[in-house]
């Protein structure tokens, strides 16, 4: 179990930035393993924090994982900021369109896992960035973030 914790913390630090591993995965977290391969599939701490993708070994965040990263990292790290007027739709799990983005962490690349917030830095959702930060800011149409989970079901 200690080895699993060390592995997931190291991957999280690499994927999201130094300190993400400890912020995401406390010592109390549990691991759901694949019955066929024995590899880590999900990390839970009462609720799902993250899922490890079988093809890449990267994490996709659950809303609890997004909450933990939002708390651990200062603005604008890992964030895509949307207009307050579309916040309700995003919180319900609707995708983010480029024209609704007002700011973004400049280090975000296409396919990165991101947290979506409103203009007041309130967490709305987590998802996968479809295009890079510079493309988001230049475009005025098309999907910028494919939402995986919003704070409202």
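In this note's numbering, the protein residues as written are 1 to 153. Note that the Cβ used here is the ideal one computed from N, Cα and C, for glycine as well.
Classification of residue i by the beta-carbon crowding that lies within 10 angstroms, buried from 16 upward
{"i": "residue 74", "result": "exposed"}
{"i": "residue 32", "result": "exposed"}
{"i": "residue 57", "result": "exposed"}
{"i": "residue 64", "result": "buried"}
{"i": "residue 112", "result": "buried"}
{"i": "residue 125", "result": "buried"}
{"i": "residue 54", "result": "exposed"}
{"i": "residue 98", "result": "buried"}
Euclidean distance between Cα positions of residue i and residue j
{"i": "residue 129", "j": "residue 146", "result": "6 Å"}
{"i": "residue 51", "j": "residue 61", "result": "7 Å"}
{"i": "residue 23", "j": "residue 131", "result": "26 Å"}
{"i": "residue 15", "j": "residue 141", "result": "28 Å"}
{"i": "residue 7", "j": "residue 39", "result": "11 Å"}
{"i": "residue 120", "j": "residue 36", "result": "44 Å"}
{"i": "residue 134", "j": "residue 25", "result": "31 Å"}
{"i": "residue 70", "j": "residue 34", "result": "28 Å"}
{"i": "residue 5", "j": "residue 68", "result": "16 Å"}
{"i": "residue 13", "j": "residue 152", "result": "28 Å"}
{"i": "residue 59", "j": "residue 29", "result": "15 Å"}
{"i": "residue 87", "j": "residue 100", "result": "10 Å"}
{"i": "residue 11", "j": "residue 89", "result": "31 Å"}
{"i": "residue 110", "j": "residue 46", "result": "31 Å"}
{"i": "residue 148", "j": "residue 42", "result": "15 Å"}
{"i": "residue 3", "j": "residue 93", "result": "34 Å"}
Whole-Å CB distance - residue i paired with residue j, under 8 Å assumed
{"i": "residue 66", "j": "residue 137", "result": "Their Cβ separation, rounded to whole angstroms, is 22 Å, which puts residue 66 and residue 137 out of contact at 8 Å."}
{"i": "residue 127", "j": "residue 91", "result": "Between residue 91 and residue 127 the Cβ distance is about 12 Å, and since that is not below 8 Å, they are no contact."}
{"i": "residue 9", "j": "residue 21", "result": "3 Å"}
{"i": "residue 114", "j": "residue 108", "result": "6 Å"}
{"i": "residue 44", "j": "residue 95", "result": "The pair is not a contact, with the Cβ atoms about 26 Å apart (cut-off 8 Å)."}
DSSP beta-bridge partners of residue i
{"i": "residue 79", "result": "115"}
{"i": "residue 55", "result": "Answer by DSSP bridge pairing: none, since residue 55 is not bridged."}
{"i": "residue 19", "result": "BP columns for residue 19 are empty, so no partner."}
Closer than 8 Å is the cut-off here; do at least three beta carbon pairs connect the region 64-80 with the region 97-111?
yes
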